[in-house]
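Asks: Starting off with a structure, shown below.
In structure tokens:
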């Protein structure tokens with residue numbers, strides 16, 4: 001079965017601390033993974049995708065096929081990073097997205 | 110460019126009543142999605158349109174939910190009759206043609222069924 005698991009509902013850190021939001025997936029084919037973010041009172045939006053191998057707002061994520069993981073990392077958290085983060089898996093030929101339950105990141109001053 | 114528009118933003122109804130949501134995708138986007146997001150969960154795809162044709166409605170509860178995109182632009186999602194468990198945020202998203210393109214989400218409609 002195709003599934004995305006985000007084990008943490010809430011991750012609370014202090015400003016300047018490193019952040020790692022965990023994402024594990026289950027998929028039989030070659031996976032395409034994404035991180036979406038929703039800031040307070042804003043729309044859900046794409047943060048980054050694994051095929052781009054880019055850093056957005058200081059965040060990076062590496063696809064580890066052996067561990068079936070796609071963890072999101074940032075070395076120094078900022079207060080403006082506080083948001084809901086969703087890991088998503090693209091499935092099928094019509095680009096359907098399967099989302100995890102999300103992790104709320106709270107960065108405290 | 111203007112983003113995906115949805116209305117209404119909020120709706121409160123009683124169980125067994127009917128409700129309809131409207132979505133206007135970004136101009137030129139061929140693919141349109143409706144998601145249901147129950148509190149504490151991630152968005153779950155209900156139905157996906159390519160232009161005015163349905164390409165995936167495998168998770169749409171067809172006994173009570175229906176959706177259409179008659180002219181390949183705007184779309185409506187209807188629930189008839191509503192149940193308590195339909196309380197959720199209903200998100201619309203659109204995407205242009207091209208495998209590398211991303212989905213753009215609307216602000217959502219928050220439905221509360223009493």
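Protein chains in written order, with our numbering: chain A, 1 to 109; chain B, 110 to 223.
We put the CB at the ideal spot given by N, CA and C, even for glycine.
None of these values were measured; they are calculated from a predicted model.
1) Return the first residue and the last residue of the beta strand (DSSP E) that residue 177/B is part of.
2) Determine which residues of the segment 156–187 of chain B have a Cβ less than 8 Å from any Cβ of chain A, and write them out in chain order.
3) On the three-pair Cβ rule with 8 Å, is the segment 57–69 of chain A touching the segment 117–127 of chain B?
4) Give the secondary structure of residue 20/A by DSSP, where H, G and I count as helix, E and B as strand, and everything else as coil.
5) The beta strand (DSSP E) that contains residue 3/A, what's its start and end?
6) Can you tell me whether residue 108/A is helix, strand or coil according to DSSP?
7) Which residue comes first and which comes last in the beta strand (DSSP E) that contains residue 130/B?
8) Going by beta carbon distance, what residues of the same chain come within less than 6 Å of residue 101/A, once the five residues before and after it are set aside?
9) List, in order along the chain, the chain B residues whose C-beta lies closer than 9 Å to that of residue 16/A?
Replies: Working from what's here:
1) Position 68 of the second chain, counted from the start, is the residue given in the question as residue 177/B. Unbroken beta strand (DSSP E) run through residue 177/B: 174–177.
2) 157, 159, 164, 165
3) no
4) Taking the first residue of the first chain as 1, we reach residue 20/A at position 20. Residue state, collapsed to three classes: strand.
5) Counting from one through the first chain, the residue named residue 3/A turns up at place 3. Element bounds for residue 3/A: 3–5.
6) In the first chain, residue 108/A corresponds to position 108, counting from 1. Note: residue 108/A maps to strand in three-state DSSP.
7) Counting from 1 along the second chain, the entry for residue 130/B is found at position 21. Taken as a continuous stretch (DSSP letters only), the beta strand (DSSP E) holding residue 130/B covers 128–133.
8) To locate residue 101/A, count along the first chain from 1; it is residue 101. 6, listed in sequence order.
9) Residue mapping note: residue 16/A aligns to position 16 of the first chain, counting from 1. The contacting residues do not exist; residue 16/A stays about 29 Å from chain B at best.
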